[in-house]
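*Asks:* Protein chains in written order, with the numbering used here: chain A, 38 to 290; chain B, 38 to 290; chain C, 38 to 290. Glycine included, each C-beta is placed from N, C-alpha and C at the ideal position. One structure is given below, represented as structure tokens, and several questions about it will come after.
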Amino acid sequence: MNYVLKSIPSRTVKPRNSGFTMAMDKGLSLREVEDFIEVSGDYVDIVKLGWATSFVTKKLREKIDIYRAADIPVYFGGTLFEAFVIRNQFDDYVRLLDEYQLSFAEVSDGSITLDHGQKCRYIETLAKQVTVLSEVGSKDAAKIIPPYKWIEQMRKELDAGAWKVIGEAREGGTVGLFRDSGEVRQGLVEEILTQIPEEQIIWEAPQKEQQVWFIKLLGSNVNLGNIAPNEIIPLETLRLGLRGDTFDFFLNL
Amino acid sequence: MNYVLKSIPSRTVKPRNSGFTMAMDKGLSLREVEDFIEVSGDYVDIVKLGWATSFVTKKLREKIDIYRAADIPVYFGGTLFEAFVIRNQFDDYVRLLDEYQLSFAEVSDGSITLDHGQKCRYIETLAKQVTVLSEVGSKDAAKIIPPYKWIEQMRKELDAGAWKVIGEAREGGTVGLFRDSGEVRQGLVEEILTQIPEEQIIWEAPQKEQQVWFIKLLGSNVNLGNIAPNEIIPLETLRLGLRGDTFDFFLNL
Amino acid sequence: MNYVLKSIPSRTVKPRNSGFTMAMDKGLSLREVEDFIEVSGDYVDIVKLGWATSFVTKKLREKIDIYRAADIPVYFGGTLFEAFVIRNQFDDYVRLLDEYQLSFAEVSDGSITLDHGQKCRYIETLAKQVTVLSEVGSKDAAKIIPPYKWIEQMRKELDAGAWKVIGEAREGGTVGLFRDSGEVRQGLVEEILTQIPEEQIIWEAPQKEQQVWFIKLLGSNVNLGNIAPNEIIPLETLRLGLRGDTFDFFLNL
């Protein structure tokens with residue numbers, strides 16, 4: 038930190054298990070990745086190459102290498118996993134992870150219908166090779182999954198070997214954990230937290246109001262994901278009570 | 038592409054006549070232009086320097102040269118044409134195109150009232166010097182042009198020598214083809230398509246939902262415009278059925 | 038300017054007292070700062086490092102130096118002043134300004150409750166060391182300050198030594214001068230202007246519609262603040278009547 042301020046909430050440091058921030062890269066250039074790391078490298082724990090953007094990304098290997106050199110692991114968005122699975126190319130996906138020497142992978146069913154037992158078997162298989170993040174929640178706003186189902190799926194996916202489970206929100210923050218308006222499905226989140234330890238969950242929360250809501254519920258060191266690269270610094274100030282939205286909250290503790 | 042996925046919709050390649058993407062640069066630095074080309078050069082067919090931003094753009098000539106070296110033609114937004122016309126400086130505009138050795142120009146009447154015969158004469162004149170894109174639709178949300186008028190104007194502008202016609206939407210996507218909410222004027226688009234061949238139209242569609250709508254109506258190789266530089270990669274994944282929004286659509290074909 | 042257009046509204050040049058543009062940097066890298074200056078240096082009069090982002094900004098000293106070398110002064114957002122004051126660290130804040138050789142500082146009470154006499158004493162104290170910008174308006178949407186209060190506070194803060202007063206709007210443009218929808222509190226602005234000279238006010242107006250509204254009310258050379266770096270060029274075209282939104286307005290003058 039650049040100067041001393043008293044009574045700043047304590048933050049975990051890398052490598053973090055909680056207070057984790059996952060950023061979404063949906064098409065940065067190599068130079069932009071360097072800039073991103075210069076500014077936000079200490080505050081980003083992992084980077085997702087959004088959905089299947091890696092298919093059309095130029096200099097993909099160089100990009101992954103730049104992140105890796107800064108100790109920031111990279112993984113492919115869950116939609117890519119689904120794109121391989123729906124085409125009966127799961128074996129190709131396994132080889133792809135190997136070819137790019139990735140140490141993380143996401144298993145999700147946001148765009149496809151996947152028997153949950155089968156989803157867990159994918160998690161089990163991949164967990165032998167990489168650290169698995171598994172995602173619960175549909176990208177389809179019409180598919181409302183009831184809370185008990187979220188909990189059951191999260192538990193089974195953790196049991197199958199997922200390192201953490203991700204609560205779905207899309208890039209825009211309007212499905213899964215959130216209503217169409219972006220408002221948090223508060224009852225859902227609270228019910229999940231009665232059953233699943235919070236350190237095992239990453240909440241996708243691209244909008245500032247969503248981040249504020251989770252920080253107020255779970256504190257500075259909540260795990261958050263789908264953060265845009267230029268919102269990492271703003272998020273870090275929210276976590277530290279140094280922006281209007283959470284300024285009062287930490288003072289009152 | 039970085040790896041093999043089966044059953045990916047086929048995409049046209051540059052130089053494209055359909056499946057064309059027009060990006061809007063509203064003030065990138067030279068280095069940002071280089072980065073943009075690194076990431077998205079294969080997927081961008083032409084760049085518009087938004088409205089009259091070229092008036093205040095630093096190093097304009099160098100910027101145009103960088104794009105040109107990457108085989109991406111640049112043109113000035115239609116508002117600049119209108120700014121010259123309303124000041125009785127059309128001859129200066131012609132000289133300006135020449136001075137910057139531009140090969141494309143836009144003719145529009147989004148902010149001025151222009152007799153349609155006169156608009157067509159401007160198209161005719163400019164078509165002798167450059168490839169003309171002509172734009173139909175007002176930037177004024179209150180000026181609703183009925184479908185038959187859109188069709189009549191588009192046809193006459195193509196007859197006058199326009200290479201393609203552009204359906205207006207602004208940078209934000211809220212006028213012309215769209216309602217205030219950003220929703221597509223579906224009946225308008227469908228009626229236009231009964232009369233004007235789709236390869237001759239570029240649909241301005243800055244919002245993701247608008248892009249999805251046009252891709253679902255006209256397929257991967259619809260011509261789209263006013264795409265922000267950092268949305269070119271996301272758009273390309275939509276065209277390929279590799280993002281949630283169009284994932285199902287192409288699988289069901 | 039890159040070419041000659043007749044009847045362009047006249048714009049003040051740097052160093053400006055009116056027609057002033059304050060940009061908000063919420064986490065640019067050093068290279069992004071260089072790019073920003075290349076593109077917009079002539080149009081930006083001062084840069085705010087948003088709220089307390091300077092706490093977590095890497096290479097803070099180098100960043101300030103790059104701006105300074107381009108004759109663009111930098112100051113810390115008012116929330117940082119408040120973070121020091123609430124912790125009884127005002128003396129540390131004074132030393133911090135000195136340590137970074139800043140020539141501007143903001144005094145605000147958007148997130149804390151501060152006796153107005155005390156606020157004015159802070160202004161008085163800091164005005165001996167730096168040029169003070171003081172801000173009126175709460176970041177709390179529920180705290181509606183009536184117009185006569187805005188005026189009284191603005192007048193007292195100017196009397197205490199503030200160079201200009203800032204009308205609050207947050208980064209998003211939704212409190213203080215604006216309703217939740219982003220709409221301008223028109224009556225408030227008009228009443229303020231009956232009492233406070235417009236050159237002494239900087240209006241925070243991050244949204245395009247807000248900028249348009251102020252330009253139409255007060256002309257090209259209105260002082261505007263909280264402009265995102267990539268919106269400086271678009272704003273400059275609005276000031277010059279070279280974008281659809283203000284195109285007619287200046288022609289009709």
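Bridge partners for B:Ala60 per DSSP, in chain order?
*Replies:* B:Val84, B:Ile264
*Asks:* For the region 43–54 of chain B, which residues have a CB atom closer than 7 Å to at least one CB atom of chain A, in sequence order?
*Replies:* Lys43, Ser44
*Asks:* Consult DSSP for B:Ile203 and reduce its assignment to one of helix, strand or coil.
*Replies:* strand
*Asks:* Just tell me which of C:Glu172, C:Phe215, C:Trp200, C:Phe251 has its CA closest to the CA of C:Ala179.
*Replies:* C:Phe215
*Asks:* If the cut is a Cβ gap below 7 Å, which residues of chain C does B:Gly147 touch?
*Replies:* Gly281
*Asks:* In three-state terms, what does DSSP make of B:Ala142?
*Replies:* Strand at B:Ala142.
*Asks:* How about B:Leu163: is its C-beta nearer than 8 Å to some C-beta of chain C?
*Replies:* Interface flag for B:Leu163 against chain C is unset, since no Cβ pair is found closer than 8 Å.
*Asks:* Are the Cβ atoms of A:Asp144 and A:Ser171 separated by less than 8 Å?
*Replies:* Note on residue identity: the sequence assigns Val, not Asp, to residue 144 of chain A. It is a contact, given that the beta carbons lie within the stated cut-off.
*Asks:* When the Cα of C:Val169 is compared with those of C:Ala60, C:Asp177, C:Asp196, which residue comes out closest?
*Replies:* C:Asp196
*Asks:* Taking only beta-carbon positions, decide if B:Glu75 is within less than 8 Å of chain A.
*Replies:* Yes, because at least one Cβ of chain A sits closer than 8 Å to the Cβ of B:Glu75.
*Asks:* Any Cβ of chain C within less than 8 Å of the Cβ of A:Leu261?
*Replies:* Not a single CB atom of chain C sits nearer than 8 Å to the CB of A:Leu261.
*Asks:* Spell out a yes or no on whether the region 61–73 of chain A and the region 123–138 of chain C are touching, meaning 3 or more CB-CB pairs, one atom from each, closer than 8 Å.
*Replies:* no
*Asks:* Alpha carbon to alpha carbon, how far is A:Tyr104 from B:Pro52? Give it in angstroms, no decimals.
*Replies:* 34 Å
*Asks:* Taking only the alpha-carbon atoms, compute the straight-line gap between B:Leu151 and C:Gly281 and give it to the nearest angstrom.
*Replies:* 15 Å
*Asks:* If we ignore side chains and look at the alpha-carbon of each, how far apart do A:Glu75 and C:Val70 end up?
*Replies:* So the alpha carbons of these two residues sit roughly 13 Å apart.
*Asks:* At a CB-CB cut-off below 7 Å, which residues of chain B make contact with A:Arg105?
*Replies:* Within chain B, no C-beta atom comes less than 7 Å from the C-beta of A:Arg105; the nearest is roughly 17 Å away.
*Asks:* Going by DSSP in three states, B:Leu170 sits in which element: helix, strand or coil?
*Replies:* strand
*Asks:* Counting Cβ pairs, one atom from each stretch, are 3 or more of them under 8 Å apart for the region 248–267 of chain B and the region 78–97 of chain A?
*Replies:* no
*Asks:* Here's the rule I'm using: 16 or more other beta-carbon atoms within 10 Å means buried, otherwise exposed. How should B:Ser47 be labelled?
*Replies:* exposed
*Asks:* What number of angstroms, rounded off, separates the C-alpha of C:Ser218 from the C-alpha of A:Pro183?
*Replies:* A direct Cα-to-Cα measurement between C:Ser218 and A:Pro183 gives close to 32 Å.
*Asks:* Considering only C-alpha positions, which residue in the set C:Gln190, C:Tyr112, C:Pro243, C:Gln232 is nearest to C:Asp146?
*Replies:* C:Gln190
*Asks:* Give the secondary structure of B:Val111 by DSSP, where H, G and I count as helix, E and B as strand, and everything else as coil.
*Replies:* Looking at B:Val111 - three-state DSSP - the assignment turns out to be strand.
*Asks:* Within this structure, are the beta carbons of C:Gly115 and C:Gly87 separated by less than 8 Å?
*Replies:* no
*Asks:* Who are the neighbours of B:Ile160 on chain A, taking C-beta pairs under 7 Å?
*Replies:* None at all; the shortest Cβ gap to chain A is about 35 Å.
*Asks:* With the cut-off set at 8 Å, would you say A:Lys176 and A:Arg207 are in Cβ contact?
*Replies:* In this structure, A:Arg207 lies closer than 8 Å to A:Lys176 by Cβ.
*Asks:* Of the choices B:Asp102, B:Lys156, B:Ile101, whose alpha-carbon is the least far from that of B:Phe127?
*Replies:* Distance check between B:Phe127 and each of B:Asp102, B:Lys156, B:Ile101 places B:Lys156 closest, using alpha-carbon atoms only.
*Asks:* Which residue wins for smallest C-alpha separation from C:Val249, given the options C:Thr90, C:Leu277, C:Gln166?
*Replies:* C:Leu277
*Asks:* Any idea if C:Pro266 is buried or exposed, counting beta-carbon neighbours within 10 angstroms, 16 or more meaning buried?
*Replies:* The residue in question, C:Pro266, is buried, as its Cβ has 16 or more Cβ neighbours within 10 Å.
*Asks:* Assuming contact is defined by CB atoms lying nearer than 8 Å, are C:Leu275 and C:Ile252 in contact in what I supplied?
*Replies:* Closer than 8 Å, so yes.
*Asks:* Using a 10 Å radius around the Cβ and a threshold of 16 neighbouring Cβ atoms, would you call B:Gly56 buried or exposed?
*Replies:* buried
*Asks:* Are the beta-carbon atoms of B:Ser148 and C:Asn39 separated by less than 8 Å?
*Replies:* no
*Asks:* Are any of the Cβ atoms in chain C nearer than 8 Å to that of B:Gly64?
*Replies:* Chain C contact via Cβ: present.
*Asks:* Determine the extent of the alpha helix (DSSP H) in which A:Ile33 is found, giving its start and end residues.
*Replies:* Because residue 33 of chain A is not part of the residues shown, which for chain A are 38 to 290, the question remains open.
*Asks:* How many whole angstroms separate the CB atoms of A:Gly209 and A:Gly174, which I take to be in contact at a CB cut-off of 8 Å?
*Replies:* With a beta-carbon spacing of about 14 Å, A:Gly209 and A:Gly174 fall beyond the 8 Å limit used to define contacts.
*Asks:* Using only alpha-carbon positions, find the residue among B:Tyr185, B:Ala89, B:Lys201, B:Trp187 that is nearest to C:Glu273.
*Replies:* Residue B:Ala89 holds the alpha-carbon nearest to the alpha-carbon of C:Glu273 among B:Tyr185, B:Ala89, B:Lys201, B:Trp187.
*Asks:* Does A:Thr94 pass the burial test, meaning 16 or more other C-beta atoms within 10 Å, or should it be called exposed?
*Replies:* buried
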